[in-house]
Structures are given as C-alpha cells and as structure tokens.
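J.: After the structure tokens below, expect a handful of questions from me.
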Amino acid sequence: MAKSDTPKALLQALDLIRGTGGPKPESLDALESRHVERVRTIFEDPNIVAVGITEKQTENTKTGELGLCFYVEKKLAKAKVKSNRLIPPVLSVADRSAVFTDVQQIGKVRPQINKRKSPLRSGFSVGNSSDTGTLGAIVKKGSKFFVLSNSHVLAKSGKGKPGDDIIYPGEVDTSGKRQIVASLAHVLPFKAGNDFLNRVDAALAEVRAEFIDEIDFSIRGAKSPLATTDPVRGMKIVMRGRTSGNSEGVVDDVHFSVILPYPGIGKVGFIDQVKCTRYSKPGDSGSIIVDNKSGKIVGLHFAGSDDGSVFNPISEVMKVFKFRLAERT
Amino acid sequence: MASEDDANKVRQEHGRDLLKMGAHAVGVEEGKNHGQQGWVVVAHVAPGAKVDLPSSFSHSTKGGKVEVPVVVVRSKPYSLE
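Protein chains in written order, with our numbering: chain A, 1 to 329; chain B, 1001 to 1081.
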C-alpha cells in the first residue's frame, strides 16, 4: 500500500509516537497532554526497537486491518510487563479517532555492516589491531597484490610499522580469532600543523600468499577494464563502504581545503580535496569512489561531517604509491 | 561579480589566512546558495566558535580588481571516518 493510501489517523498516530508532526503537549488540554506524554514514554522502553504501520496479526495470521505496530526485541507476556510499559490496545489521535495497535517481535535491530571473511573485496571491513575502515581496492605493484585503504585505517596514520598485521574483517567486526590477510607495506607520513600541506591519506598492505586466490577484484560501480578519471563539480558518484553499504553523492568542490584532527598526530591539513554531498558514515574510510556515468574510479574516501563527505583524488594516491588497478586475468 | 576561477584563486591565496582566523575548511561555491551573485569563498566555522573574518577578498584580474565574497557557514569540523 502506498503511503498516501494509509489512513490519516494511522499517520497521525505514528507522528504522535515519534514526536515528528503530531500535536505538541503545550497546545493540548491537560487530559490530552497527559495522554500524549504517556504515549511518547512508551517508546522509551528499550524492548521497543521500531514503530510502523502494518497489518495486524492474530496468532501469526494477518487480519487485513492496518494498525500501529510496535516492533519489540522480545514479546513478553502481559503479566511480565510493568503497567507503565504496557502498550495500550487503542490510541487516540488528534481528532479523537481511535487507532488499533499491534506488537510484533523482530529481535535485535543492528546496523547492516559490510563484513566477511572471504573473498577479499572492495567495500568490506578491514583494519589493523586498533582501527577499522573499508577495503578500497586490491591493487598491484610489480607482481605483488596490495590492499589499498587509508593510512588511518591500515597504518595508524603513519605510525604503523612495515609488517604490521592487517585483519579482515576489521577489529570491531571480528568475533573470535583475527584473520590476518596482509602486512603493512607502504605509507606516506603526514605533514602535521595548521596548514594545508597534504593531499593523500592512504596506505598499502601486501596481501599474504594464502589469500591471493581469495580476491574478488570487483569494485562497486566500476566498469572493466578498470580506469580512472578526474572528478568534476556536479559529477554523480557511487561507493560501497563498510558502514553505509551502497551509497551515492554529488561532487560539490574539487579544490576543497580542510583541517582534520588525527589521533596521536595533531592537526593535519589537506589541499585540493574533493567535497561531495554526504554519502558516508564513520567506518567508510578507505572506500573507492566511482564516477556513476563513466564507471571510472575518481577517489579514495577518508573524511566527513554533517556538511558533506571528502575524498582524495585517486590520481594523487596513484602518484604517491605508483600502483596499478588489479583485475582477474 | 567573481567567477569560479576568481574564487578558487582567492581560496588558494587566502585559505591559510582563513584557517588562522578560525575556519576549519575552505570551499568555493556558487553564490546563489548563499544569496550572493557569482562565486564565493565559503569559510566553514565550528558552531559557537568566535571568528572575525573579512567579508571579501580583492583579486586582481586582467580586467581589473574583483571582490570575492567570503561566506561563513557554521558546520561541525570534518573528522576521519
């Protein structure tokens, strides 16, 4: 059912619960105000993980009637729920019409994270003993294969040592034994200070021999044969990151200057960076950015704020590390 | 009215000055996003930070001097992701 077909009373009830557009308690009389406050406190119950509008179910059978649904981690017997946490079977909304409620168990809701143990693939969780980000690409120097990601993901922002273990998935996404897939090999130290002196936050880690047959060379949005191009203002870009999954944005600025705090290093300034509309979240650092139209690679993501996301131009990264984009031959 | 090229050159010349004055990032955008004509330099400043930034910078071109407006945008500093 399209949103516009949803009964108005149900949408009002949803707004009432979420506090997004429903009545404000101060605009209601005392009785209504208490009702609204009471309804909103229901959502403070940590067992309630989501709310929405769906068909009511009775004994696992859909009734065909829409209701306001409270999704819970675990459905409990009424006797085990405190009276102030009980979800009323009926809610009254602004025009005093009534809507029926339902409770459905959906378990724990966790953010979807791109993590896996095999194959090694662009867009999935990677890191070292302390940092987790995204594997950007598998690249080649000479006959060797390397993981490309950010320095602050693989190389402790330049403080890592050649040979340091690189784990896949990254530390925060590992349950049990760490899987060491590569060893830190190349990193460009930052020039710290209050000036725009850096162009690249990148590092390479050599893939261990036993994982070379477990590489998936594909990069989201990139066409084969892999190629690069320069980003331009207005370009639509796509990426796949450890946290955001598949995401997209638009290039706003190709000469962006920005200062960032690096743990243990201090302020590090970057010049000629590429600022886009927001496409990323923490954990996406190291993602490869691809021009949506040509399928060519344009950058390596590394930073963001509420205002936008920022990536290094891939041409600068390749200039520093002198690698080739690798593909299965 | 400043062109994109004028604004980029001003950013190149005065980006460090804006940084010293309290900006955490310096962009160039079309002025229409900020109620201005032409192109502007955008100084990103942390919410609550007290700054005293110039309202424009002069830039010399073949056709004479051009004033490039400086627009302050309050935004949380960028961080590593």
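Idealized CB from N, CA, C, for every residue including glycine.
(1) Over the uninterrupted beta strand (DSSP E) stretch that includes L68 (chain A), give me the two end residues.
(2) Along the alpha helix (DSSP H) that carries N1008 (chain B), what are the first and last residues, could you check?
(3) Measure the CB-CB distance between K275 (chain A) and A1025 (chain B) and report whether it falls below 9 Å.
(4) If I measure Cβ to Cβ from D306 (chain A) and keep anything under 6 Å in the same chain, skipping five residues before and after, which residues do I get?
(5) Could you round the C-beta distance between G299 (chain A) and P231 (chain A) to whole angstroms and report it? I think they count as a contact, below 8 Å.
(6) Taking the alpha-carbon positions, what's the L204 (chain A) to P88 (chain A) distance?
(7) Leaving out five residues before and five after Q1037 (chain B) in sequence, what residues of the same chain have Cβ atoms less than 6 Å from its Cβ?
(8) If we call anything under 9 Å between Cβ atoms a contact, is G304 (chain A) one with T132 (chain A)?
(9) Assuming contact is defined by CB atoms lying nearer than 9 Å, are K1065 (chain B) and H1059 (chain B) in contact in what I supplied?
(10) With a cut-off of 9 Å, does the C-beta of P282 (chain A) fall near any C-beta of chain B?
(11) Secondary structure at Q1036 (chain B), three-state DSSP: helix, strand or coil?
(12) In three-state terms, what does DSSP make of G264 (chain A)?
(13) What is the DSSP secondary structure of M1001 (chain B), counted as helix, strand or coil?
(14) Which residue from A:S280, A:A192, A:G170 puts its Cα closest to that of A182 (chain A)?
(15) Can you give the Cα-Cα distance for A2 (chain A) and M239 (chain A), rounded to whole angstroms?
(16) For E171 (chain A), which three-state DSSP category applies?
(17) Spatial neighbours of V1073 (chain B) within its chain, please: CB distance less than 6 Å, with the 5 preceding and 5 following residues excluded, ordered by chain position.
(18) For S1056 (chain B), does the three-state DSSP call read helix, strand or coil?
(19) For the beta strand (DSSP E) holding A205 (chain A), just list the boundary residues, first then last.
(20) What are the residues in the segment 121-149 of chain A lying within 8 Å of chain B by C-beta distance?
(21) Please identify the residue among A:I180, A:P263, A:H152 whose C-alpha is closest to the C-alpha of S287 (chain A).
(22) Tell me, please, whether the CB atom of V1073 (chain B) is closer than 9 Å to any CB atom in chain A?
(23) Enumerate in chain order the residues of its own chain whose CB-to-CB distance from K108 (chain A) is below 8 Å, with the five nearest sequence positions on each side excluded.
(24) Given that A1043 (chain B) touches chain A, what residues does it touch there, using C-beta distances under 7 Å?
(25) Which chain B residues are close to Y168 (chain A), counting only those with a beta carbon under 7 Å from its beta carbon?
(26) Which residue wins for smallest C-alpha separation from F256 (chain A), given the options A:L226, A:V310, A:G241?
(27) Along the chain, which unbroken stretches of the beta strand (DSSP E) at least 3 residues long are found entirely within the segment 125-150 of chain A?
(28) Between T329 (chain A) and I138 (chain A), what straight-line distance do the alpha-carbon atoms span, to the nearest angstrom?
T.: Looking at the atomic coordinates:
(1) 61-72
(2) 1004-1020
(3) In contact: K275 (chain A) and A1025 (chain B) (Cβ atoms closer than 9 Å).
(4) none
(5) 6 Å
(6) For the pair L204 (chain A) and P88 (chain A), the Cα-to-Cα distance works out to about 57 Å.
(7) Hits under 6 Å: M1001, G1031.
(8) Cβ distance not < 9 Å, so G304 (chain A) and T132 (chain A) don't count as in contact.
(9) In contact: K1065 (chain B) and H1059 (chain B) (Cβ atoms closer than 9 Å).
(10) yes
(11) coil
(12) Reduced to three states, the DSSP call for G264 (chain A) is coil.
(13) coil
(14) Of the candidates A:S280, A:A192, A:G170, the one whose C-alpha sits nearest the C-alpha of A182 (chain A) is A:G170.
(15) Only weak support is given to the placement of A2 (chain A): the predicted model assigns it a pLDDT of 47, under 50, and the question is left unresolved by the model.
(16) helix
(17) V1042, H1044
(18) strand
(19) 203-207
(20) G133
(21) A:H152
(22) Output row for V1073 (chain B): interface = yes.
(23) So the qualifying residues of the chain are V49, E73.
(24) Here the premise fails: no neighbours, minimum Cβ distance about 10 Å.
(25) Residues of chain B passing the Cβ test: none, with the nearest at roughly 18 Å.
(26) A:V310
(27) 125-127, 132-134, 137-141, 144-149
(28) 14 Å
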